[in-house]
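K.L.:
Take a look at the following structure, please.
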Amino acid sequence: MKLSNRRLWLFGAIAIGAIILITLLTAPTRNKVSSGSTYSRSPDGYGAWYAFMSERGTPVKRWRKPFDDLANNQNAQPPTTLLR
């Protein structure tokens, strides 16, 4: 009976290890470059929001320079919404 019990525990440990390994290998990776981008329609992107606001006629501009240039920009007209 002890041998059978050990085999059961070993099989369970191998199964759990395999599940963890498969989960780690198939998990989606985060692309930090496109995260929060108005060009990306993924859940962490703002592409759908940008398209919606453009269709409503709201003036929306894409900033194509480094964020530090925008933060230090003195010509920003209120109200300004910054998405990062």
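In the numbering used here, the protein residues as written are 38 to 121. The C-beta atom is built at its ideal place from N, Cα and C for all residues, glycine as well.
Pop quiz: residue 95 and residue 83 are said to be a contact at Cβ under 8 Å. What is the actual Cβ separation, rounded to whole angstroms?
P.N.:
In fact, because the Cβ distance is near 13 Å, the residues do not count as touching under 8 Å.
K.L.:
Could you give the DSSP three-state label for residue 112: helix, strand or coil?
P.N.:
In this structure, DSSP gives residue 112 a state outside helix and strand, which the three-state scheme calls coil.
K.L.:
Quick check on the DSSP output: the alpha helix (DSSP H) that includes residue 84 runs from which residue to which?
P.N.:
84–93
K.L.:
With a CB to CB cut of under 6 Å and the five nearest residues on each side skipped, what residues in its chain are close to residue 53?
P.N.:
Excluding positions up to five away in sequence, the list is empty.
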